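Only one structure is covered here, and it is reproduced in the block below.
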Amino acid sequence: MKISFKLAIAYMKEQKGRTIALITSIALAVILVFALNVIPETQSKLEIKEAYKNFSDYHVEYSNLENDTVDKLKKDKEVTEINDVLGLGKIVGKNGTSLQLNSYSKDFLDSYGYELIKGNGPKNTNEIVLEEKALKEMNLRDDLNQEIDFKIVKYYVDKNNKNQIFSKDKKFKLVGIVKKPDGYYGNSDGYTNENEYYGVKAFTKDNSNEANFKNISGKNDYNKINIQIEKGSDKKVENEISKIISKNPFSKVESKYNYKNFYIKQTEKNTKETLVIVGLILLISSINILCIIKANIMTRMKELSTLRAIGMSTKKFKKMIIKENIMYAVFASIVASVFASHSIYEFNKLDNLARRQVFGAKEYIKFVLPIFESFEFLIVSIIICLIAVFLCKKKIEKMSIVEGLNTNE
1 MKISFKLAIA
11 YMKEQKGRTI
21 ALITSIALAV
31 ILVFALNVIP
41 ETQSKLEIKE
51 AYKNFSDYHV
61 EYSNLENDTV
71 DKLKKDKEVT
81 EINDVLGLGK
91 IVGKNGTSLQ
101 LNSYSKDFLD
111 SYGYELIKGN
121 GPKNTNEIVL
131 EEKALKEMNL
141 RDDLNQEIDF
151 KIVKYYVDKN
161 NKNQIFSKDK
171 KFKLVGIVKK
181 PDGYYGNSDG
191 YTNENEYYGV
201 KAFTKDNSNE
211 ANFKNISGKN
221 DYNKINIQIE
231 KGSDKKVENE
241 ISKIISKNPF
251 SKVESKYNYK
261 NFYIKQTEKN
271 TKETLVIVGL
281 ILLISSINIL
291 CIIKANIMTR
301 MKELSTLRAI
311 GMSTKKFKKM
321 IIKENIMYAV
331 FASIVASVFA
341 SHSIYEFNKL
351 DNLARRQVFG
361 AKEYIKFVLP
371 IFESFEFLIV
381 SIIICLIAVF
391 LCKKKIEKMS
401 IVEGLNTNE
């Protein structure tokens, strides 16, 4: 171990009060920046993750498309995946609850973010799978194999190009229950027809061959699809598809890409604001650390002059100062990382508790030890401390041994 390092350690041990004060000052600055940077970043990542979880990972949904239009979309190189179902109109319960009725497709449900929580898929046109929220809206129990009366309503255009409404009473047997993540319904206001806002759905077996539906909801008439678009091509593909379906009656476009973009853009906005605040605090903290380190060096002129007087070279002298301040940065960063990690853990714990109490959800934020961030702030602290030493460089080099020995600390 070199003499300069031993001297640095010896000074830090001898001047415990000053050492603790320095480490505490640096650590507080790091903790402040750490907390303002890592916690909002964790929230931002969570919000983006939740956006994809709640709205699933498909980009655009199109309703009431003809099969030849779907075939054109499948051939588009920038469309990476298509999941389609039949749009069979709407079903209305006895209490007036209206649901979207689609044919059952496991791939479609998976891409839409649904989870089958009870039962199985329908095997015939008399069986139905309902969204859990629909049962609650209709004040029904979640018992499987119960029979539920619905009125099927379908808007369509007849052969004479006139708008028509098809209506039929039908009894379905409940064979399965699906749901989306709790956060999808999290902003519930409890207003009438709320299920329409959220697009609550029901699924039955493809009944395009059933007599009453053959000329209304058959495969050659209408489809509902959701598609995955190659990154960076969303606007282009949306515009092209909008042109294709513009002549299709009752065609509808619903872009989940916009919902997810809202979350992502809001997150990016919050991140930018946080970075500005963190930048300002980092600047103020850096100036504070610089002043503390510089003051520490300047108040030790007598001690430093003594070392020079007994023969320590300027080079070794500077090395001692540098190593001492690097150790301040290292110890301060360790202390800051421990306290900041504990703060993040407590924040995650409280946030998860709040989410469980409000939404009845499971834990959303998983605590991850901020190793990268700790290392990042360690480097920043070392750089700031080295800058402080550099600013004192000329003063140290020009220091008069006689004047230094006469200085009162």
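UniProt numbering numbers the first residue of the sequence shown as 1 and each following residue consecutively. Just so you know, even glycine gets a beta-carbon here, dropped at the ideal spot from N, CA and C. Fair warning: this is a prediction, and the values are worked out from it, not measured in the lab.
DSSP three-state call for residue i: helix, strand or coil?
i	result
D107	helix
D351	helix
D189	Its pLDDT being 43, under 50, D189 is placed unreliably in this model, and the coordinates cannot settle the point.
F367	coil
N288	helix
N154	For the record, residue 154 in the displayed sequence is Lys; it is not Asn. Three-state result, K154: strand.
L140	coil
N102	strand
Which residue comes first and which comes last in the alpha helix (DSSP H) that contains residue i?
i	result
S167	That residue, S167, is in no alpha helix (DSSP H); its beta strand (DSSP E) goes N163 to K179.
V389	I371 to L391
L135	E132 to E137
Kindly indicate which residue of the options has the alpha-carbon position closest to the one of residue i.
i	options	result
V178	I9, M12, S105 and Q164	S105
I292	K393, K16, S25 and I20	S25
L88	Y156, N325 and P370	Y156
F5	E115, F317 and K94	F317
Y345	N163, K205, L369 and K201	L369
I321	A388, E373, E273 and N352	A388
D143	F375, G119 and D107	G119
A134	L280, E127 and L99	L99
E127	N145, R141 and N95	N145
L283	E273, V380, F375 and H342	V380
S341	K319, I371 and K315	I371
A294	V338, L280, F108 and L22	The amino acid at residue 294 is misidentified as Ala; the sequence shows Lys. Minimum Cα distance to K294 is reached at L22.
K319	I334, S343 and F390	F390
T19	N160, I334, G279 and E324	E324
From what residue to what residue does the beta strand (DSSP E) around residue i run?
i	result
F203	K201 to T204
G119	E115 to G119
K90	G87 to V92
Tell me whether the beta-carbon of residue i lies closer than 7 Å to the beta-carbon of residue j.
i	j	result
N348	F377	no
E132	K173	no
A27	A332	yes
residue 410	K154	Any property of residue 410 remains undetermined from this structure, which presents the chain solely from 1 to 409.
N102	F166	no
I117	A336	no
G121	K180	no
K205	T125	yes
G93	V129	no
I326	I384	no
K171	D149	yes
C392	I297	yes
S285	A29	yes
According to the neighbour-count rule (16 or more other Cβ atoms, all chains shown, within 10 Å of its Cβ), is residue i buried or exposed?
i	result
E137	buried
T97	buried
Q164	exposed
V85	buried
L353	exposed
E14	exposed
E273	exposed
S374	buried
F250	Confidence is the limiting factor: at F250 the pLDDT is only 49, short of 50, which leaves the residue's position unreliable, though a coordinate-based value still follows. Exposed, by the Cβ-count rule.
E115	exposed
residue 422	Because residue 422 is not part of the residues shown, which for the chain are 1 to 409, the question remains open.
I382	buried
L109	buried
I91	buried
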